[in-house]
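Engineer: Numbering (the working numbering), first residue to last: 38 to 455.
Cβ atoms here follow ideal geometry from the backbone N, Cα and C, with glycine treated the same way.
Predicted model, so just to flag it, every value in this text is computed and none were measured.
Below is one structure. I have some questions about it.
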């Protein structure tokens, strides 16, 4: 059994070594297709023993990936982006799985748990089941100009591990806040051309909606999300719930145009179809909070947290990116409704996820400010690292802004001693 790893790349010198290093122990050959790098991507790839080919970019990811497949000779293909890399245990676990299913002709792909991370701190912002390994020898090809999908000739793909992919983890850093605008605009142009040429897949409208959401264009986001819900076949994808999130969130942004009764229609429809998806309860909580129904908002946010803890759906999940916000919203609402003790727990949890959120520190401090300063310091030290200069600098500024001069002075003295 031979395994080929394939990548298409352009100016990925900052990422490609990490990617190839993560797959080198399992790869019998590495195929890298370069679409016009001007940095030392090619040299780095060759240092890992990769065979490098050059492809003239034609605004179609599937064409470039299929060119790579034509060069691969493996029985199984691992196909990664340069800004993706395997967890340390994944190569060993994947090899065991491929050996187990190699002669099972009913299955032609393997699912991975894709963890999308923020580039600057590695925090997981979403989790997706995704195919990153499939049979080689031209059995499977890529389709779609952007967000391309590997499929058999009959438009199917049967994964061997539909309910058990937690042991195969791949991290993706490409959609960090630093890289996002460039990729959004690139993909938007490709998809617009796809629509003009009537080359529409059941993902096209969804991806248009997603891109306009990233560009903070609510009208266009809603327009394409509604089209996605009507697109035949989309309801069977791992993204089937997401248009509801876009519609509800963006209608709320345009609340002078869309009445709550209209938003309610999509909330009810979404809960009816996806009653245990945390993102549906998150946007429901946002609407209830905006309506001033704090009791229902608290219940919705708590339901979102519960659904996320128990998440087992074969669907995409962006909720991890919202965790610090949901905990913060719950803390604020509980404080408003006269439940400061419960609020404190949620402030702490929010800060554990995103500790440089001044508003959360302010909310927490409002509850404990009448305590002895020494006790307040002990409490803050349980959340922040007093040996970390960034933490200390943040606390100095936060305490000074909150007019807690004595505590600010304490953290300033610690900061200056480092």
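Return the residue from the list 218, 220 and 241 that minimises the CA-CA distance to residue 229.
Structural biologist: 241
Engineer: Comparing C-alpha positions only, which one of 92, 123, 122 and 120 sits nearest to residue 108?
Structural biologist: 92
Engineer: Please look up how many angstroms separate the CB atoms of residue 69 and residue 89, rounded, as I've assumed it's under 8 angstroms.
Structural biologist: 5 angstroms
Engineer: Cα separation between residue 349 and residue 251?
Structural biologist: 27 angstroms
Engineer: Measuring only the C-alpha atoms, how far is residue 94 from residue 73?
Structural biologist: Going from the Cα of residue 94 to the Cα of residue 73 covers about 7 angstroms.
Engineer: Can you give me the C-alpha to C-alpha distance between residue 48 and residue 115, rounded to a whole angstrom?
Structural biologist: 21 angstroms
Engineer: Drop a sphere of 10 angstroms on the beta-carbon of residue 247, count the other beta-carbons inside from all chains shown, and report buried for 16 or more, exposed for fewer.
Structural biologist: Residue 247 comes out buried.
Engineer: Should the region 304–319 be called in touch with the region 352–364, which here means at least 3 C-beta pairs below 8 angstroms?
Structural biologist: Output reads yes: the region 352–364 touches the region 304–319.
Engineer: So, does the CB of residue 46 fall closer than 8 angstroms to a CB anywhere in chain B?
Structural biologist: The chain inventory of the structure shown lacks chain B, comprising one protein chain alone.
Engineer: What does the alpha-carbon distance come out to for the pair residue 343 and residue 315?
Structural biologist: 8 angstroms
Engineer: Please give the ranges of any beta strand (DSSP E) in the region 256–321, keeping only runs that are unbroken, at least 3 residues long and fully inside the region.
Structural biologist: none
Engineer: Taking buried to mean at least 16 other C-beta atoms within 10 Å of its own C-beta, is residue 356 buried or exposed?
Structural biologist: buried
Engineer: Does the beta-carbon of residue 214 have 16 or more other beta-carbons within 10 angstroms, so that it is buried, or is it exposed?
Structural biologist: Because residue 214 carries a pLDDT of 49, less than 50, the predicted location of this residue cannot be relied on, and no value is offered for it.
Engineer: Would you call the region 279–291 in contact with the region 318–331, where contact means no fewer than 3 C-beta pairs closer than 8 angstroms?
Structural biologist: yes
Engineer: Nearest to residue 154 by CA position, among 164, 261, 145 and 147, is which residue?
Structural biologist: Taking only the C-alpha atoms, the option nearest residue 154 is 164.
Engineer: Could you tell me which residues DSSP pairs with residue 354 in its beta bridges?
Structural biologist: 164
Engineer: Assuming residue 15 contacts residue 429 under a Cβ cut-off of 8 angstroms, what Cβ separation, rounded to an integer in Å, is found between them?
Structural biologist: In the structure as shown, the chain begins at 38 and stops at 455. Residue 15 is therefore absent and cannot be evaluated.
Engineer: Using a Cβ-Cβ cut-off of 7 angstroms (strictly less than) and excluding sequence neighbours within five positions of residue 222, which residues of its own chain qualify?
Structural biologist: none
Engineer: With DSSP as the reference, please indicate the residues paired to residue 70 in a beta bridge.
Structural biologist: 45 and 90
Engineer: In three-state terms, what does DSSP make of residue 134?
Structural biologist: In the three-state DSSP reduction, residue 134 falls in the helix class (H, G or I).
Engineer: Using only CA atoms, which one of 237, 255 and 296 lies nearest to residue 269?
Structural biologist: Ranking 237, 255 and 296 by Cα distance to residue 269 puts 237 first.
Engineer: State the start and end residues of the unbroken alpha helix (DSSP H) segment that holds residue 240.
Structural biologist: Run containing residue 240: none; DSSP gives neither H nor E here.
Engineer: Which stretch, first to last residue, makes up the alpha helix (DSSP H) that contains residue 342?
Structural biologist: 331–346
Engineer: State the start and end residues of the unbroken beta strand (DSSP E) segment that holds residue 148.
Structural biologist: 146–154
Engineer: Can you pull the DSSP bridge partners for residue 188?
Structural biologist: Partner(s): 178.
Engineer: Give the range of the alpha helix (DSSP H) segment to which residue 395 is assigned.
Structural biologist: Element bounds for residue 395: 395–405.
Engineer: Residue 360 and residue 390: beta carbons closer than 8 angstroms?
Structural biologist: yes
Engineer: Within a Cβ cutoff of 7 angstroms, which residues of the same chain sit near residue 279, ignoring the five residues on either side of it in sequence?
Structural biologist: 243 and 353
Engineer: Please return the same chain residues whose Cβ sits closer than 7 angstroms to the Cβ of residue 76, not counting the five positions on each side in sequence.
Structural biologist: Same-chain partners within the cutoff: 48 and 50.
Engineer: I'd like the span of the alpha helix (DSSP H) that includes residue 384, first residue to last.
Structural biologist: 377–390
Engineer: Note down the Cα distance separating residue 338 from residue 174, rounded to an integer number of angstroms.
Structural biologist: 48 angstroms
Engineer: Considering only C-alpha positions, which residue in the set 162, 113 and 140 is nearest to residue 358?
Structural biologist: 162
Engineer: Please return the same chain residues whose Cβ sits closer than 7 angstroms to the Cβ of residue 169, not counting the five positions on each side in sequence.
Structural biologist: Annotation for residue 169: 115, 116, 117, 149 and 207 place their beta carbon closer than 7 angstroms to its own, counting only its chain and skipping 5 residues before and after.
Engineer: If you follow the beta strand (DSSP E) that residue 195 is part of, which residue opens it and which one closes it?
Structural biologist: Residue 195 -> no beta strand (DSSP E), and no H or E assigned at all.
Engineer: Can you tell me whether residue 454 is buried or exposed? The criterion is at least 16 other CB atoms within 10 Å of its CB, across all chains shown.
Structural biologist: Sixteen is the threshold: since fewer than 16 other Cβ atoms of the shown chains lie within 10 Å of the Cβ of residue 454, the residue is exposed.
Engineer: Would you kindly work out how many angstroms separate the C-alpha atoms of residue 302 and residue 219, rounded to a whole number?
Structural biologist: 35 angstroms
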